[in-house]
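Following: one structure in structure tokens, then a few remarks.
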Amino acid sequence: MSVSDPIADMLTKIRNASMARFEKVDIPTSKLKLEIVKILKNEGYIKNFKKIGQDDQDLIRVFLKYDERKAPIIHGLEKISKPGRRVYSGYKRMPRVFNGYGTVIVSTSTGVTTGRKASEKKVGGELICSVW
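Using our numbering, read the sequence shown as starting at 72 and increasing by one per residue.
Below, the structure written as structure tokens:
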């Protein structure tokens with residue numbers, strides 16, 4: 072089955088696996104997905120990830136993170152820019168998620184980064200998703 076928005080599909084798999092309290096989830100790989108997962112790791116939303124190879128395609132195995140009460144660290148994961156409606160933002164008007172407690176992931180001309188780092192570099196771009 073063909074997926075029209077693979078990034079939204081990845082975010083949905085991570086959100087559903089986190090709510091079901093799975094230890095890990097496998098996602099088909101791409102460069103953009105790998106960069107998003109790296110940001111999730113650096114910001115502390117997931118434990119770890121690893122790129123694994125299978126017969127027909129490579130996968131990203133994402134190890135999910137929970138607190139001491141087994142509640143998921145990821146409370147929300149929302150796609151902002153969609154195939155039918157792209158959303159862009161300049162560095163001066165970069166949105167903040169939960170007053171800075173969440174993270175916005177942005178695709179800029181210098182690569183995929185968080186909204187905070189994009190504002191520091193004074194570069195805007197397409198808003199991919201927000202995580203809190």
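We put the CB at the ideal spot given by N, CA and C, even for glycine.
If you're wondering where the values come from, they're calculated on a predicted model, not measured in any experiment.
Considering only the alpha carbon of each residue, which of G173, V74 and P166 lies closest to I144?
As a first step, residue 144 is located in the sequence shown; it is residue number 73 there, counting from the start. Looking at the Cα atoms, G173 is the closest of the given residues.
Separation of D126 from L148, as counted between CA atoms:
Looking up residue 148 in the sequence shown gives position 77. Looking up residue 126 in the sequence shown gives position 55. Cα to Cα, L148 sits roughly 30 Å from D126.
Contact between the region 96-115 and the region 178-189: three or more CB pairs below 8 Å?
yes
What residues in its chain sit with their C-beta under 7 Å from that of C200, if we drop five residues either side in the sequence?
The residue labelled residue 200 in the question sits at position 129 within the sequence shown. Hits under 7 Å: L82, L148, E149, K150, I151 and I176.
Minimum Cβ-Cβ distance from N87 to chain D less than 8 Å
Of the chains in the structure shown, none is chain D; there is only one protein chain.
Among I123, R156 and Y116, the one whose alpha carbon lies nearest that of I131
Reading the sequence shown from its first residue, position 60 is the one you call residue 131. When each option's Cα is compared against that of I131, the closest is I123.
As a quick exercise: from I98, S89 and Q128, pick the residue whose alpha carbon is nearest that of D80.
Taking the first residue of the sequence shown as position 1, residue 80 is located at position 9. Residue I98 is the option with its Cα nearest to D80.
Which of the three DSSP states, helix, strand or coil, is assigned to P154?
One-based indexing of the sequence shown puts residue 154 at position 83. Looking at P154 - three-state DSSP - the assignment turns out to be coil, as it is neither helix nor strand.
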